[in-house]
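>
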DNA sequence: CAGACGTGCAACCTATTGGTTGCACGTATA
DNA sequence: TATACGTGCAACCAATAGGTTGCACGTCTG
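Protein chains in written order, with this note's numbering: chain A, 1338 to 1443; chain B, 1338 to 1443.
#1: 7 angstroms is my cut-off, CB to CB: does residue 1443(B) come that close to chain A?
#2: Taking CB distances under 7 angstroms as the criterion, tell me whether residue 1417(B) reaches chain A.
#3: Check the Cβ-Cβ distances between residue 1359(A) and every residue of chain B, and say whether any is below 7 angstroms.
#4: Since residue 1400(A) contacts residue 1378(A) with CB under 8 angstroms, what's their CB separation in whole angstroms?
#5: What's the C-alpha gap between residue 1419(A) and residue 1372(B)?
#6: Classify residue 1391(A) as buried or exposed, calling it buried when 16 or more other Cβ atoms lie within 10 Å of its own Cβ.
#7: Count the other C-beta atoms from every protein chain shown that fall within 10 angstroms of the C-beta of residue 1421(A), then say buried if there are 16 or more, exposed otherwise.
#8: Pull up the distance between the alpha-carbon of residue 1370(B) and that of residue 1361(B), whole angstroms please.
#9: Among 1340(B), 1423(B), 1387(B), 1338(B), which has the Cα closest to the Cα of residue 1353(B)?
#10: Assuming residue 1383(A) contacts residue 1416(B) (C-beta within less than 8 angstroms), just tell me the rounded distance between them.
#11: Can you give me the Cβ contacts of residue 1431(A) inside the same chain, cut-off strictly under 7 angstroms, excluding the 5 residues immediately before and after it?
#12: Could you pull the start and end residues of the alpha helix (DSSP H) that residue 1382(A) belongs to?
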């Protein structure tokens, strides 16, 4: 998951798809890399659960699924909570490891 | 920064240091990798601004500095805000301070 | 039907990464 | 002073990642 966000191009792609769903070919025209590279990146994001493939006719449209981001925020809040006031507050909303509702950490 | 968190060992190290400051040699004894590998990981975390070196006599103690985590949370809130209710709330607390985003939504 | 277009698959190349080992250097301490 | 201990530096290695190109396949459309 963090691995998926580690690459700058991947973050750009995620931000773009977050704006509005798009296909690999479309996204490739906005980046200085080939379509195949974009496909690989999108696959990585999809493997991390951040994207969802949606076939429509002969094209494949990618849509965002932000749940993993919440998990990541939860982890960061847990790790940094005792050092940062704002992060500490988050630990209540975003529980550790995918807790959906207001589970209390610790 | 996300790159620094991409590696599992690095996340474990950060969590450990978050618990209480420690030296590379200490941390290495808790992991199945060599001290040198730990040093490299700690350097990566330090380069990302997540850790701070603190020399004390002949040893070097690492301490956490969680500011970059807030930036990361800010980025995630911005990207996932329109899709996730909880993330949307964060965008107010953790502004786009320093966090660079790919594109503005349409 | 024929062709254009979007996609999937595979091979391949290079740079980076996570890991190791060996050794030199400075700082405590017996 | 002699020695142990924590650290820094460098070389090295195997695996992975990001990227490319080429081609085959399915699906629209004139």
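Every residue gets a Cβ at the ideal spot worked out from N, C-alpha and C, and that includes glycine.
No experiment lies behind these values; they were computed from the predicted model shown.
By the coordinates alone:
#1: In this prediction, residue 1443(B) scores a pLDDT of 28, lower than 50, which makes its location untrustworthy; the coordinate-derived value is nonetheless stated afterwards. Residue 1443(B) counts as touching chain A.
#2: yes
#3: no
#4: Rounded, the Cβ-Cβ distance is 15 angstroms, inconsistent with contact.
#5: 27 angstroms
#6: exposed
#7: buried
#8: 11 angstroms
#9: 1387(B)
#10: Between residue 1416(B) and residue 1383(A) the Cβ distance is about 16 angstroms, and since that is not below 8 angstroms, they are no contact.
#11: 1407, 1410, 1411, 1414
#12: 1372-1384
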